[in-house]
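Participant: Can you read through this structure? Questions will come right after.
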Amino acid sequence: MGSLLAPALLATEAHAESPEFPILTALIVIPALGALALALTPASRPELSRLVGVGMSLVTGAMSVYLMTQFVIDEPGFQETSKHSWIESFGISWNLGVDGISLFLVVLTGILFPLALIGVKPHHDTKSYMAWLLLLEAGCMGVFLALDLFLFFVAFEIVLVPMYFLIGGWGYGERVYAALKFFLFTMLGSAFMLVSIIALAFLHERATGVLTFDLVEIAEAQALAETTARWLFLGFAVAFAVKCPIFPLHTWLPDAHTQAPTAGSVILAGVMLKLGTYGFVRFGLYLFPEAATWAAPVLVTLGVIGIIYGAIVAAVQRDLKRLVAYSSVAHLGFIVLGTFAFTSQGLQGGVLQMVNHGISTGALFLLLGMLYERRHTYEIASLRGLQRAAPVMAAVFTVVMMSSIGLPGLNGFVGEFLILIGSFPTRRWWAVVATFGVVLAAVYLLWAYQRVFHGDPDDENATFADMTWREGAVMAPLLALIVFLGVFPRPVLERIEPAVGRLITHIEERSDFTEPAVTRQGTGAVEVVGPAAVEEEGAEEAEEAGAETGGEGEG
Amino acid sequence: MTSTAAVLAQQGDLLVKPEVEWVAITPLLVLVGGSLLLLTLSALTTRRPRRGTYALFTVLTCAGAIIASVALWDRVQDPARGEFTALVGALTIDGFTVFFSVLIALSIALAALVADDYLRREDLEGPELYALMLLSGAGGIVMAMANDLIVVFLGLEILSIALYVMAGMHLRRVESQESAIKYFVLGAFSSAFLLYGIALVYGATGSTNLSEIAAFLSQNVLESEGLLLAGFALLLVGLGFKVAAVPFHVWTPDVYQGAPSPVTAFMASASKAAAFAALLRVFFSAFSNHASDWRPIIWVLAVLTMVVGAVLAVVQRDVKRMLAYSSINHAGFSLVAVHANTERGVAGALFYLLAYAFMVLGSFAVVTLVGRRGDAAHDVDDYRGLARERPVLALAFTVFLLSQAGVPLTAGFFAKFYVIGAAAEAESYALAVIAMVTAVISAFLYLRIIVTMYFAGDEAEGDAATGRHRVAIPFGAGVSLAAAVAFTLLIGILPGLVADFARDAVPVLLSAAP
Chain A
3 MGSLLAPALL ATEAHAESPE FPILTALIVI PALGALALAL TPASRPELSR
53 LVGVGMSLVT GAMSVYLMTQ FVIDEPGFQE TSKHSWIESF GISWNLGVDG
103 ISLFLVVLTG ILFPLALIGV KPHHDTKSYM AWLLLLEAGC MGVFLALDLF
153 LFFVAFEIVL VPMYFLIGGW GYGERVYAAL KFFLFTMLGS AFMLVSIIAL
203 AFLHERATGV LTFDLVEIAE AQALAETTAR WLFLGFAVAF AVKCPIFPLH
253 TWLPDAHTQA PTAGSVILAG VMLKLGTYGF VRFGLYLFPE AATWAAPVLV
303 TLGVIGIIYG AIVAAVQRDL KRLVAYSSVA HLGFIVLGTF AFTSQGLQGG
353 VLQMVNHGIS TGALFLLLGM LYERRHTYEI ASLRGLQRAA PVMAAVFTVV
403 MMSSIGLPGL NGFVGEFLIL IGSFPTRRWW AVVATFGVVL AAVYLLWAYQ
453 RVFHGDPDDE NATFADMTWR EGAVMAPLLA LIVFLGVFPR PVLERIEPAV
503 GRLITHIEER SDFTEPAVTR QGTGAVEVVG PAAVEEEGAE EAEEAGAETG
553 GEGEG
Chain B
-16 MTSTAAVLAQ QGDLLVKPEV EWVAITPLLV LVGGSLLLLT LSALTTRRPR
34 RGTYALFTVL TCAGAIIASV ALWDRVQDPA RGEFTALVGA LTIDGFTVFF
84 SVLIALSIAL AALVADDYLR REDLEGPELY ALMLLSGAGG IVMAMANDLI
134 VVFLGLEILS IALYVMAGMH LRRVESQESA IKYFVLGAFS SAFLLYGIAL
184 VYGATGSTNL SEIAAFLSQN VLESEGLLLA GFALLLVGLG FKVAAVPFHV
234 WTPDVYQGAP SPVTAFMASA SKAAAFAALL RVFFSAFSNH ASDWRPIIWV
284 LAVLTMVVGA VLAVVQRDVK RMLAYSSINH AGFSLVAVHA NTERGVAGAL
334 FYLLAYAFMV LGSFAVVTLV GRRGDAAHDV DDYRGLARER PVLALAFTVF
384 LLSQAGVPLT AGFFAKFYVI GAAAEAESYA LAVIAMVTAV ISAFLYLRII
434 VTMYFAGDEA EGDAATGRHR VAIPFGAGVS LAAAVAFTLL IGILPGLVAD
484 FARDAVPVLL SAAP
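Protein sequences, first through last, are from chains A and B. In terms of the numbering used here, the first sequence opens at residue 3 and continues consecutively. In terms of the numbering used here, the second sequence opens at residue -16 and continues consecutively.
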């Protein structure tokens, strides 16, 4: 225990001594302050509200990128930590830190929010719209940065309020129903987690005599009986499974995604679904290593069911937004598979895929929003031949879609490949079934693309306007990331790897699980990806590539 | 004179005059004195005073009571002097007493501010409501400080009789009259139960003094416990009625709905808190070594109360009834804390009651305003488009509703957290899970009101613009609302401020002064 605890503590102390700018606190506080500032701006001047909103989110985004440059690559523990007592009698503190697992989710949040704010103009009440989005950003940052269970729960739960108002206030037809369903589903999940968190803290107190909600302290002590830990893990798992969402608990997602306004869908899919998968990695595996290995077969099975089910249901949707929503179910299934494979590559792939999915699905929803602005429909049947009217948009859509399918050379491939190769040694048959999910992804996306963009446009679609400069400027950073991460994922992976390695060691030391030697060595995966990413080819070939590489892992 | 009494006592003279520690009961005296003064002065003055005078007087009286309480707090928290009993062991003056004195005085003040404009609006202006509220509050404080079952009963009656009148205060609303009668008849019944319970406990233990009962029960083993257990049960019926625990809750929706809205606010905050104070005093301090007997009953009561409160709240259409059922659900949460039977449990209950007092006072303040003239516009549909019409009012109501739902960064969340913490510490995990699930069920109800205020405005815009007056926000109610919002958010963000007080306010059991 001491060996693992020591570096983490040392890092904490080293950083606590230097009087640095508390960048993590600022990442949460600045958007929150922005929301407050917006409350003071006059509602009659939407352009001013917009300026404040976009400005604050840009500042936050810039800080998150700066954080990435400051990140120490080889440090597996938490960095930039800051800890201040909050509610002393309960041992609750304002405790933040970032490691390789959370770093890129923070950056993703920092990047997606300004893009969503710039890319989509609300139709009414700009002031509250901006304020809710900034509050949402503060909450999301809080989830990814919190190292205190109480603080984490507060952030995890508080994001519901802005999202509820965003869906309900600016969404489409069935928005009220969708908003309510979203809120209640997630809240029900969190209810179990709250009981688990509290019980965990008090059981920890009983064993060690210290009442604390400090994640690291509780996780390293592991002062729980085996069955207790399993029960508590289930409490956490329900909350995260709803948020992800994992197969039978996913029903809120299509409604929420479809009815949410464009920026809401972007954030919902891009950032908020990751709260669940991130929760599994950060809290599920770290706090309850033994229970996680115990529950893994069920969760992996559900994840794989989600992959196949999400893909099949997506294929038969008539509504583009619903289609993308179900594709998220499938993609998140991959992340669950990678997470509960308990291998370095699987976990790395899972973390990377969280970021990838955020980028590509966020981009897809932005594109759909642009499409809706022009045609006021998401109905696939009433769209046709847009490629002729809007070639640039069609091209952008193609790249984003290919990224979502997992074409080599684009970011989606790297994540899915790592997940499949990482889960093959420990979860062979699941990995094999999941590979078919990649094929299905090509089916539903390409089919939808054909119906929407190919063919001759009828009267209504012939006048479809191409992308404006503003829209292009919003999509450009996302496209750049899609290609960059696909061709050269090393800067990301080398930052994720130490933290993942530390987590796996943690699991191995505290459960019967041992990681197979094959995957242990396997940072070579990065090199394998490089040559495979030579050219963009047909999607069908990409599927074969995916399937084949899965097979290679066996040997 | 004091010295003479002491000398006489030393000489073994049996004729000891009961020594009244006037300092100990200053909060009580301020409230009762204020009430009497208000009645007297208003009877003597012939002209109607300036508007708001009565409310201002009430608020100042409450401020006086709070100041007196703060002084007492310093005294009881001082390790050198500490808690003490007064009036020959009939009252206990400890942090618990002071906590509830402050809580009740604050509730009166906020309710009075809301009542000010309400009474004028409904043509009911007069000092009676304020005087009754102060008296009723004094009864509540007596319940909190009682160290004797008879004193509990006295306090309960002072509290209730004033409340029966207050419920029927609206002369022109038949619902108000009905609610008063209903409350009175059922309340009288429950008082009888309580009294019989006291008699049985007296029969079993030979005393009505809580300290003596506890001492007797710890030193003796009862050969047959039937009498004592029946006493417990009847006491629980009496107090359960006042806290609106299921199955003794049936009066709550009708009375909450019928009573004038500011009175309902007072009822849900102060009167409920006082009843919990008595419950904690009696069961946590006096009967704690028989906890294995009464804890299972509280468990069942808590579960029933939470589930019924949450489920029935969801199917209501009248906002006052919704809040009535949700108050039942909240009572269930407080019972969870009582069930824990630990210091953290009591502190959790105290925190919960204080947080809830502010949320519910704020909620009913909004309800009062939206009720408009006639106090009748309480259907959910009357809240349509409120966000557009009165954005600040709607936002305030949203804060109260989210707080009741237990959303983080509001007082309600930490209250739930505290209570669940107490339950987890006492290893009542099932209770904790049931509690959180009912919290989600009742969240549906709060969200429904929010939906109506914010998102259902489009269709109703027409009739909102033409058919009805814009909701007015008078000064007094505005102050009350602002205070409640500020408190709800402040305690939500920095719960330590109140949590430490709650922790130091756990009741102590002192043997009567010799």
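Every residue gets a Cβ at the ideal spot worked out from N, C-alpha and C, and that includes glycine. Given the structure is predicted, the values throughout are model-derived calculations rather than measurements.
By the three-class DSSP mapping on this structure, what secondary structure does Leu183/B have?
Facilitator: Leu183/B falls in the helix class under three-state DSSP.
Participant: Check whether the Cβ of Ala285/B lies closer than 9 Å to any Cβ atom in chain A.
Facilitator: Taking Cβ atoms only, chain A never reaches closer than 9 Å to Ala285/B, which makes this a no.
Participant: Please compile the residues from chain A whose C-beta is within a distance smaller than 9 Å of the C-beta of Ile432/B.
Facilitator: Under the 9 Å cutoff, chain A gives no residues; its nearest Cβ is about 12 Å from Ile432/B.
Participant: Between the stretch 278 to 289 of chain A and chain B, which residues of the former have CB atoms less than 8 Å from a CB of the latter, in chain order?
Facilitator: From the stretch 278 to 289 of chain A, no residue has a Cβ closer than 8 Å to chain B.
Participant: What span of residues does the alpha helix (DSSP H) with Glu22/A cover, start to end?
Facilitator: Where Glu22/A is concerned, there is no enclosing alpha helix (DSSP H), given that its DSSP letter is neither H nor E.
Participant: Does the distance from the CB of Leu277/A to the CB of Lys323/A come in under 9 Å?
Facilitator: Contact: no.
Participant: Is there a Cβ from chain A that is less than 9 Å from the Cβ of Gly72/B?
Facilitator: Taking Cβ atoms only, chain A never reaches closer than 9 Å to Gly72/B, which makes this a no.
Participant: Going by C-alpha distance, which of Gly315/B, Leu344/B, Val434/B and Thr351/B is nearest Arg367/B?
Facilitator: Checking every option, the nearest Cα to that of Arg367/B belongs to Val434/B.
Participant: If we define contact as Cβ-Cβ less than 9 Å, is Met189/A a contact residue for chain B?
Facilitator: At least one chain B Cβ lies under 9 Å of Met189/A.
Participant: Just curious, the beta strand (DSSP E) that Val100/A is in, first and last residue?
Facilitator: That run of the beta strand (DSSP E) goes Ile94 to Val100.
Participant: From the DSSP output, in three-state form, read off His508/A for me.
Facilitator: Three-state result, His508/A: helix.
Participant: DSSP three-state call for Ala129/B: helix, strand or coil?
Facilitator: Strand, per DSSP.
Participant: Give the C-beta separation of Ala171/B and Gly214/B to the nearest angstrom, bearing in mind that I take them to be a contact with Cβ-Cβ under 8 Å.
Facilitator: No, Ala171/B and Gly214/B are not in contact; Cβ-Cβ is about 20 Å, not under 8 Å.
Participant: Between Leu114/A and the rest of its own chain, which residues show a CB-CB distance below 7 Å, the 5 nearest in sequence each way excluded?
Facilitator: Once the five neighbours on either side are set aside, the close Cβ partners of Leu114/A are Val268, Ile269, Gly272, Val273, Gly360 and Gly364.
Participant: Buried or exposed: where does Ala203/A fall if 16 or more other Cβ atoms within 10 Å of its Cβ makes it buried?
Facilitator: Per the 10 Å Cβ criterion, buried.
Participant: Using CA atoms only, rank isn't needed, just tell me which of Asp276/B, Val204/B, Phe199/B and Ile432/B is closest to Leu212/B.
Facilitator: Leu212/B has its Cα closest to that of Asp276/B, out of Asp276/B, Val204/B, Phe199/B and Ile432/B.
Participant: Which residue from Arg377/A, Thr214/A and Leu304/A puts its Cα closest to that of Ala239/A?
Facilitator: Measuring from the Cα of Ala239/A, the nearest candidate turns out to be Leu304/A.
Participant: Note down, in chain order, every chain B residue with its Cβ under 7 Å from the Cβ of Leu186/A.
Facilitator: Within 7 Å Cβ-Cβ: Val423, Ala426 and Phe427.
Participant: Would you mind reading off the limits of the alpha helix (DSSP H) that contains Ala69/B?
Facilitator: Counting along the chain, Ala69/B falls outside any alpha helix (DSSP H), though it belongs to the beta strand (DSSP E) covering Phe67 to Ala69.
Participant: Quick one: what's His86/A bridged to in DSSP?
Facilitator: In the DSSP output, where bridge partners are listed per residue, His86/A has Trp96/A.
Participant: For Lys499/B, is the classification buried or exposed, using 16 other Cβ atoms within 10 angstroms of its Cβ as the cut-off for buried?
Facilitator: The question about residue 499/B has no answer, for chain B in this structure spans -16 to 497.
Participant: Can you confirm whether Glu408/B, when its beta carbon is compared against all beta carbons of chain C, has any partner nearer than 9 Å?
Facilitator: The question asks about chain C, but that chain is absent: this structure's protein chains are A and B.
Participant: Please report the distance separating the alpha-carbon of Asp274/B from that of Tyr179/B.
Facilitator: Looking at the sequence shown, residue 274/B is not Asp but Ala. Those two C-alpha atoms are separated by around 21 Å.
Participant: Beta-carbon within less than 7 Å of Arg30/B's beta-carbon, same chain only, minus the 5 sequence neighbours each way: which residues are those?
Facilitator: Nothing meets the Cβ criterion.
Participant: For chain B, is any of its Cβ atoms less than 9 Å away from the one on Leu196/A?
Facilitator: By this cut-off, Leu196/A is an interface position.
Participant: Grab the span of the alpha helix (DSSP H) containing Ile546/B for me, first residue to last.
Facilitator: Any property of residue 546/B remains undetermined from this structure, which presents chain B solely from -16 to 497.
Participant: Measure the alpha-carbon distance for Glu375/A versus Ala316/A and round it to whole angstroms.
Facilitator: Roughly 23 Å separates the two Cα atoms.
Participant: Tell me which residues share the same chain as Val134/B and place their Cβ nearer than 6 Å to its Cβ, disregarding the 5 neighbours each side in the sequence.
Facilitator: These residues qualify, in order along the chain: Ala73.
Participant: Let me know the secondary structure DSSP gives Leu2/B once reduced to three states.
Facilitator: The amino acid at residue 2/B is misidentified as Leu; the sequence shows Glu. Here Glu2/B sits in coil by DSSP.
Participant: Output the residue ranges of the alpha helix (DSSP H) runs that lie fully inside the stretch 336 to 405 of chain A and measure 4 residues or longer, sorted by chain position.
Facilitator: Fully enclosed alpha helix (DSSP H) runs of 4 or longer: 346 to 377 and 388 to 391.
Participant: If Ala298/A and Phe336/A are in contact, beta carbons under 8 Å, what's the gap, nearest whole angstrom?
Facilitator: Between Phe336/A and Ala298/A the Cβ distance is about 15 Å, and since that is not below 8 Å, they are no contact.
Participant: For the alpha helix (DSSP H) containing His322/B, list its first residue and its last residue.
Facilitator: Its alpha helix (DSSP H) spans residues Val302 to Ala323.
Participant: Let me know the secondary structure DSSP gives Ala601/A once reduced to three states.
Facilitator: No answer is possible for residue 601/A: it lies beyond the span of chain A, which begins at 3 and ends at 557.
Participant: In angstroms with no decimal places, state the Cα-to-Cα distance between Gly123/B and Glu511/A.
Facilitator: Going by the C-alpha atoms only, they are around 58 Å apart.
Participant: Rounded to whole angstroms, what is the Cα-Cα separation between Ala261/B and Ile200/A?
Facilitator: Each residue's alpha carbon lies about 28 Å from the other.
Participant: Check whether the Cβ atoms of Pro10/B and Ala63/B sit closer than 9 Å, and answer yes or no.
Facilitator: No. Outside cutoff.
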